[in-house]
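Take a look at the structure below.
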DNA sequence: AATGAATGAGTGTTCATTCAT
DNA sequence: AATGAATGAACACTCATTCAT
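Protein chains in written order, with the working numbering: chain A, 16 to 222; chain B, 16 to 222; chain C, 16 to 222; chain D, 16 to 222.
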């Protein structure tokens, strides 16, 4: 009875619980929607008690906020990495960005689903903060589009709107993709890169 | 006290009430989501009593089902009309279809929003029936795409998936369009027609 | 199965339910305090369901407010009647007022207890409104005191404060009175009238 | 890490914590009522953790009990001292007692408020014990009254009840007194001494 | 077709208290 | 003595739905 968990392990436990709750919330919100999922359901999925949830997140809204924030952070990280490692021309940068984006959607389909479907239930400063973060993430893609239009690599006359259209397309993948489907992860990414470049009217030389 | 409304007038009243309820439901579901909106809220918006709702629709689920069904029917009607009036080649048929689709999104933004966001809360045969109807509607667009690919008018190698990508793009318009925004209805339609044809890699001669 | 309750009876039923709920709330708040009593407890005492409570009162706070308002209204009515029927001099007016006050405390001990102990849990405009009403009621007594001091009937040099002291005394009766106690209702009233006049230093001629 | 606080200092710390908790509880119970205040709130006010409260007091009830016990002890001490230092006749003893009582109410208004309002939430032997202590305290005042009535100094025919009426008056001061009000501490005491003697119908010679 | 009253299950959240360390 | 995590019961309130009329 003299055994004590070292402090580091305790911290790990706490963090593990937090992660379990966030995952549970993601699953519950994803399957039943934010309003359709109950805190009781989240607790059950996380393997803890209802009231213990409130030791980690002060409210259901905050829980949703944190779920969305983490999803966006991961997506942003992936996009940054992809763009940094890509070449200098807009086409190859866009191709890598789209690949990374699709990769994220496939790896974190539920997170993407929840991200697009449940943001609307966030209110107040929590919402504003998240919207700002998401805008920054999306700007990685739209920025490339604008760069390419400016440089003449993309010939579309609608720089701003075309970027949004591409993002819509990519986000929507989460709503129909099945891991056991016809298309592999790589094919999916490749296809969407092609859609994007075509939509932007990049000349064949640049694709 | 012997006065009775003639049957025709009663029917008219009933139909007016039904429409009021459906509109109220559309508004409530659109603003608060299916699970976030209560039947009380719908009743308040419709200007009737909570319990009277059940004289028109047997449950909240049926109410949602009917809202979605009507939205899809109107969209299908518009698409049909547009395609019938278009030329014979896939490009002009697709352009008209996209125009009609965007027109519907603009005219019935809330309906489109609800249609994409809240279908998931429908269950059972109600759901199956609706999904089938929506598939038929979307097939109008994807059919054109496949026709064009088959005839060589569209050069994309991904006939099926490209159609889906285009639909995603169009549906997403509902989530950001503002009537007082930068783009007119016509410009919006035109732009999206161009996106679609570019994405499908239609040669310039066909655009 | 053709029997229908006449509209008047329905109204009576509704009113009876309202009264039952108010009585239940009075009992629960009186025995367990506002915060100690639950709406479930109130519902149980009223013989109805928890949720049905909310068809009559929009919140626990409103329920408390209404309980207090009714108690004050009844007290005010009794005081008015007593004062109107009393003579013209301050002494006899005060005596009748005190008698009526004590009578109310004895008849509605619980209401008086709740009135003094639970007002503090009322908040917002509900509270302000009630405080104003209570002030008007207490002014009936303090008014007589000031009248008597002005006319020289009462010789106390502390007109305003003495009135408050008397009211404190009377209110406190609710906290110890027992119907099966040593003193009859009449004796209790008589005693307190005497205390009040003595405290105000009314000369013996006026008592 | 070998340093240890000397036992005396630990004891002092412990006592300081205990006092902080009792004060916090007094404040919380006073402002929100016993049932309205949470142990979390008490902990926050005391500047310690929720669970640490239970190292000092085994339950919320015990905490309330201790708060009330201390308040009563202080009041009793003050009353004793005042009476001991007063003259021999009932009038001057009562006057001093009233002065001390009012002084306590002014100095420890919150304690007095809590004492009268929250005793009711005490149960079991805890309650009995406290009630007995309070009775002893109040007997200091009522004893003087009875002594004075017996000696003829007070002419009221209601020895027992008059004492209670006076105590009611004095207790109630806590519910309206404001430090920045019209009356000074001394004036307040003087006034109430006068009320008490008048109520007891002490002849002018004795006041 | 229309209503207000009624209900039981469920909501998010807080409670006093205990546990492990 | 001190903490943060944990819990089960309870809280006020709302839900979709039904009933009686």
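Note that beta-carbon positions come from the ideal geometry of N, C-alpha and C, so glycine has one too.
Exposure label - residue i; buried when at least 16 CB within 10 Å
{"i": "residue 70/A", "result": "exposed"}
{"i": "residue 86/A", "result": "buried"}
{"i": "residue 88/A", "result": "exposed"}
{"i": "residue 175/C", "result": "exposed"}
{"i": "residue 100/A", "result": "exposed"}
{"i": "residue 27/D", "result": "exposed"}
{"i": "residue 97/C", "result": "buried"}
{"i": "residue 102/C", "result": "exposed"}
{"i": "residue 31/A", "result": "exposed"}
{"i": "residue 29/B", "result": "exposed"}
{"i": "residue 14/A", "result": "Past the boundaries of the shown model lies residue 14/A; chain A is included only from 16 to 222, so the question cannot be answered."}
Between the CA atoms of residue j and residue i - distance to the nearest angstrom
{"i": "residue 202/D", "j": "residue 150/C", "result": "24 Å"}
{"i": "residue 167/A", "j": "residue 209/B", "result": "18 Å"}
{"i": "residue 35/D", "j": "residue 64/D", "result": "12 Å"}
{"i": "residue 45/D", "j": "residue 33/C", "result": "33 Å"}
{"i": "residue 74/D", "j": "residue 126/A", "result": "44 Å"}
{"i": "residue 165/A", "j": "residue 137/B", "result": "46 Å"}
{"i": "residue 42/B", "j": "residue 132/B", "result": "13 Å"}
{"i": "residue 159/B", "j": "residue 109/B", "result": "6 Å"}
{"i": "residue 78/D", "j": "residue 146/C", "result": "32 Å"}
{"i": "residue 196/A", "j": "residue 124/A", "result": "14 Å"}
{"i": "residue 120/A", "j": "residue 38/D", "result": "56 Å"}
{"i": "residue 53/C", "j": "residue 189/B", "result": "46 Å"}
{"i": "residue 122/A", "j": "residue 139/B", "result": "29 Å"}
{"i": "residue 48/B", "j": "residue 143/D", "result": "56 Å"}
{"i": "residue 116/B", "j": "residue 116/A", "result": "27 Å"}
{"i": "residue 148/B", "j": "residue 128/B", "result": "17 Å"}
{"i": "residue 55/D", "j": "residue 72/D", "result": "14 Å"}
{"i": "residue 84/C", "j": "residue 84/A", "result": "49 Å"}
CB-CB length for residue i against residue j, believed under 8 Å
{"i": "residue 68/D", "j": "residue 57/D", "result": "6 Å"}
{"i": "residue 106/C", "j": "residue 212/C", "result": "6 Å"}
{"i": "residue 113/A", "j": "residue 185/A", "result": "7 Å"}
{"i": "residue 179/D", "j": "residue 191/C", "result": "7 Å"}
{"i": "residue 80/B", "j": "residue 141/B", "result": "4 Å"}
{"i": "residue 187/C", "j": "residue 177/D", "result": "Rounded, the Cβ-Cβ distance is 13 Å, inconsistent with contact."}
Any chain B beta carbon closer than 7 Å to residue i
{"i": "residue 183/A", "result": "yes"}
{"i": "residue 87/A", "result": "no"}
{"i": "residue 51/A", "result": "yes"}
{"i": "residue 147/A", "result": "no"}
{"i": "residue 213/A", "result": "yes"}
Minimum Cβ-Cβ distance from residue i to chain A less than 7 Å
{"i": "residue 178/B", "result": "no"}
{"i": "residue 32/B", "result": "no"}
{"i": "residue 48/B", "result": "yes"}
Contacting residues, own chain, Cβ-Cβ under 8 Å from residue i (five flanking each side not counted)
{"i": "residue 152/A", "result": "87, 90, 91 and 94"}
{"i": "residue 173/B", "result": "none"}
{"i": "residue 118/B", "result": "93, 200 and 204"}
{"i": "residue 206/A", "result": "198"}
Distance cut-off 6 Å: residue i Cβ against heavy atoms of the ligand ATP
{"i": "residue 57/C", "result": "For the structure depicted, the ligand ATP is absent and the ligand set is empty, with no information on it obtainable."}
Other residues of its chain near residue i: CB distance less than 7 Å, five sequence neighbours each side excluded
{"i": "residue 182/D", "result": "153 and 156"}
Beta carbon proximity, residue i to chain C, threshold 7 Å
{"i": "residue 116/D", "result": "no"}
{"i": "residue 216/D", "result": "yes"}
{"i": "residue 187/D", "result": "yes"}
{"i": "residue 210/D", "result": "yes"}
{"i": "residue 173/D", "result": "yes"}
Within-7 Å CB hit, residue i to chain D
{"i": "residue 206/C", "result": "yes"}
{"i": "residue 201/C", "result": "no"}
Nonlocal neighbours in the same chain, by C-beta distance under 6 Å from residue i, ignoring five residues either side
{"i": "residue 222/A", "result": "212"}
{"i": "residue 135/C", "result": "none"}
{"i": "residue 170/B", "result": "216"}
{"i": "residue 162/A", "result": "105"}
{"i": "residue 61/D", "result": "35, 36 and 39"}
{"i": "residue 111/C", "result": "97 and 101"}
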